[in-house]
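With positions in the sequence shown counted from 1, the corresponding number in the numbering used here is that position plus 7. The beta-carbon is built from N, C-alpha and C at its ideal position, and this holds for glycine as well.
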Amino acid sequence: MICCPVKTVDGLTIGVIQVLNKKKGRFTKDNLFFTESIATQAAVSIQNAQNTEHFEKKRAKEMEFISIVSDVTAEIDLGALLQRVMEEATRMLNADRATLFLNDEKTNELFSRVAMGEGIGEIRLPNTAGIAGSVFTSGKSMNIPYAYADLRFNPSFDKQTGYFTRSILCVPVVNKEGKVIGCTQVLNKSGGKFTDEDESRLKAFTQQVAIALENAKLFEDVSKSRKYNESMLSSMSNGVITINSEEEIVTCNKSGLKILRTKDSDIIKKQSKDFFSGNKKWIYEKIKSVGESKEPEIIVDAEIEVFDYETEKEEKISVNLTILPLINEDSDGRTDQSDNFLGTLLMFEDISSEKRMKSTMSRYMDPGIADQLLEDGSDIMGGLETTATLLFSDLRSFTTITESLGAQGTVKLLNEYFEIMVECISEQGGMLDKFIGDAIMAAFGLPISHEDDEDRGVKAGINMIKRLWEWNEQREKDGKATC
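This is the structure we're talking about:
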């Protein structure tokens with residue numbers, strides 16, 4: 008028998024060659040030398056084959072990784088994306104389960120929106136607690152082969168669920184700005200502990216996930232914002248119509264359909280020139296004027312003739328009409344009106360019905376007084392001679408403010424501003440008469456007079472200025488536009 012080792016050029020034994028039972032006689036030294044020569048050549052071939060096999064396996068893993076990342080990052084729905092991430096992380100590392108923790112900046116908690124395994128719902132914990140908290144705060148990965156031997160491990164979750172955690176691999180999720188936004192935690196690798204290669208693969212996978220996660224989060228935020236805006240428009244009592252830069256009507260909320268006595272099919276995707284024609288042609292001319300000047304325009308107590316399909320009769324309605332240019336902001340907050348003009352927004356306030364009058368009055372005075380005034384219609388229609396104090400206020404440079412904020416920003420600013428100002432008026436027993444664009448008209452001594460109505464009006468004006476200063480200071484701290 009001849010037996011000799013198969014060694015690499017570095018002297019590492021990778022096998023042996025054994026030759027048994029020579030047919031004639033015994034093995035000689037020449038036979039041994041020949042066998043050793045074969046072993047030397049075989050070592051080179053075997054090592055080359057092993058290296059080739061190793062590289063092929065590595066390449067296959069890389070191709071599989073690329074395929075997984077491509078599939079996962081193509082998902083735009085946040086919930087589905089998180090589910091895919093956890094499934095692939097678990098499968099890729101041959102683990103039992105995985106959890107992605109995201110940081111809730113409002114509560115300083117790490118929460119899991121996806122957790123694999125039955126009986127696990129949403130998990131919330133302080134973003135400094137446990138292994139996940141340590142990884143999140145430090146921004147460094149942790150590979151723990153024996154979980155219960157690590158003092159940072161919190162076994163309470165295992166006690167609640169009956170699960171037994173053996174090994175943990177946890178890596179931070181970092182966005183493109185380098186900010187840690189969460190961490191990915193994988194538990195219980197089959198057959199032992201997680202390796203350095205597992206850690207590298209999970210890091211690379213998590214880096215790609217972070218990009219997809221931010222994209223999906225952005226998409227979710229945009230979708231929520233869109234649904235919020237649609238819900239807000241749908242619930243508004245004022246009619247709102249948007250028209251694009253090609254003068255095509257894009258949206259009209261329910262109140263707009265009701266006020267104009269029309270249907271979706273008769274207004275959406277119609278040219279504004281065609282819809283606002285005939286006795287409504289003046290509206291189209293105003294739209295054109297706003298589109299050219301990029302300046303908002305307000306028409307108070309305008310009459311519009313509409314055809315009521317239910318009664319099949321023409322009728323006149325009175326509206327306050329506001330037309331605003333829609334201008335897109337650049338990334339630096341500036342507006343290039345010539346290039347970023349998106350279209351126009353029309354807001355119709357129906358002021359023709361008693362119901363609208365009662366609803367408006369009830370917002371700013373006791374509903375019982377509003378009912379009493381409306382019921383005593385003869386005196387109101389005939390007019391009452393009384394002494395009252397009137398207060399007028401408006402915003403300086405309102406046009407400049409609307410250009411910088413855009414349509415939605417202007418509406419939000421006015422809502423906050425009006426709420427503060429009306430509160431100052433109400434505190435002194437005043438009654439809001441109307442909003443005229445950014446202007447406010449209020450009366451003191453109506454419908455119930457006081458001996459000091461003049462003083463009340465002055466006090467309300469002073470309080471309005473003080474509250475405006477305070478509001479502007481807060482908005483300035485928040486980096487928002489001031490009035």
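{"Asked": "Contact under 8 Å by Cβ, I266 with S279", "Found": "no"}
{"Asked": "Counted within 10 angstroms of its Cβ, other Cβ atoms place I151 as buried (16 or more) or exposed", "Found": "buried"}
{"Asked": "Nearest-angstrom Cα separation, counted from Q215 out to N38", "Found": "59 Å"}
{"Asked": "Check whether V492 and G22 have beta carbons under 8 Å apart", "Found": "Nothing in the structure corresponds to residue 492, since the chain is present only between 8 and 490."}
{"Asked": "Alpha-carbon spacing of K231 relative to D308, whole angstroms", "Found": "35 Å"}
{"Asked": "Candidates T106, M243, E204 and M471, of which the one nearest C431 by Cα", "Found": "M471"}
{"Asked": "Alpha-carbon to alpha-carbon, T489 and E483", "Found": "7 Å"}
{"Asked": "Rounded straight-line distance, which links the Cα of S296 to that of V418", "Found": "21 Å"}
{"Asked": "Backbone secondary structure at I10 - three-state DSSP", "Found": "The sequence shown places Cys at residue 10, rather than the Ile named in the question. Note: C10 maps to strand in three-state DSSP."}
{"Asked": "Cβ separation of A105 and V193, assumed to be a contact under 8 Å, to the nearest whole Å", "Found": "5 Å"}
{"Asked": "Integer Cβ distance of L100 from T191, believed to fall under 8 Å", "Found": "Between T191 and L100 the Cβ distance is about 10 Å, and since that is not below 8 Å, they are no contact."}
{"Asked": "Sheet register partners of P133 (DSSP bridge)", "Found": "E116"}
{"Asked": "As assigned by DSSP and simplified to three states, the class of M448", "Found": "strand"}
{"Asked": "Residue range of the unbroken beta strand (DSSP E) whose run includes C190", "Found": "V187 to K196"}
{"Asked": "Collapsed DSSP secondary structure at S385 in the structure displayed", "Found": "No answer about S385 holds up, because its pLDDT of 48 lies below 50 and its placement is not dependable."}
{"Asked": "Nearest-angstrom Cα separation, counted from V229 out to N347", "Found": "20 Å"}
{"Asked": "Residue of D157, Y153 and E423 minimising C-alpha distance to S141", "Found": "D157"}
{"Asked": "One or two residues paired with L331 in a DSSP bridge", "Found": "L352"}
{"Asked": "Beta-carbon proximity check, M438 vs A450, cutoff 8 Å", "Found": "yes"}
{"Asked": "Endpoints, beta strand (DSSP E) assigned at R438", "Found": "According to the sequence displayed, residue 438 carries Met and not Arg. Unbroken beta strand (DSSP E) run through M438: M438 to I443."}
{"Asked": "Start and end residues, alpha helix (DSSP H) containing Q215", "Found": "D203 to S242"}
{"Asked": "Among E392, M243, Q167 and N236, the one whose alpha carbon lies nearest that of S262", "Found": "M243"}
{"Asked": "8 Å Cβ cutoff met for E304 and F314", "Found": "no"}
{"Asked": "F399 (DSSP reduced to helix, strand or coil)", "Found": "strand"}
{"Asked": "Delimiting residues of the beta strand (DSSP E) encompassing V418", "Found": "Element bounds for V418: not the beta strand (DSSP E) but the alpha helix (DSSP H), F405 to E434."}
{"Asked": "Counterpart residues of Q278 in DSSP-defined beta bridges", "Found": "E255"}
{"Asked": "Buried or exposed by the 16-neighbour rule on C-beta atoms within 10 Å, applied to C177", "Found": "buried"}
{"Asked": "Beta-carbon gap between I24 and T42 smaller than 8 Å", "Found": "yes"}
{"Asked": "DSSP bridge partner residues for Q25 (one or two, in chain order)", "Found": "C10"}
{"Asked": "C-beta atoms of R159 and N195 nearer than 8 Å", "Found": "no"}
{"Asked": "DSSP three-state assignment for K261, whether helix, strand or coil", "Found": "helix"}
{"Asked": "Start-to-end residues for the beta strand (DSSP E) that takes in D315", "Found": "E304 to D315"}
{"Asked": "With 16 other Cβ atoms within 10 Å as the buried cut-off, status of L398", "Found": "buried"}
{"Asked": "Sequence-distant residues of its chain with Cβ nearer than 7 Å to T351 (five each side left out)", "Found": "I250, I294, V297, G298, I330, L331, P332 and L333"}
{"Asked": "N- and C-terminal bounds of the alpha helix (DSSP H) containing I175", "Found": "Note, I175: premise wrong, no alpha helix (DSSP H); beta strand (DSSP E) at I175 to V181."}
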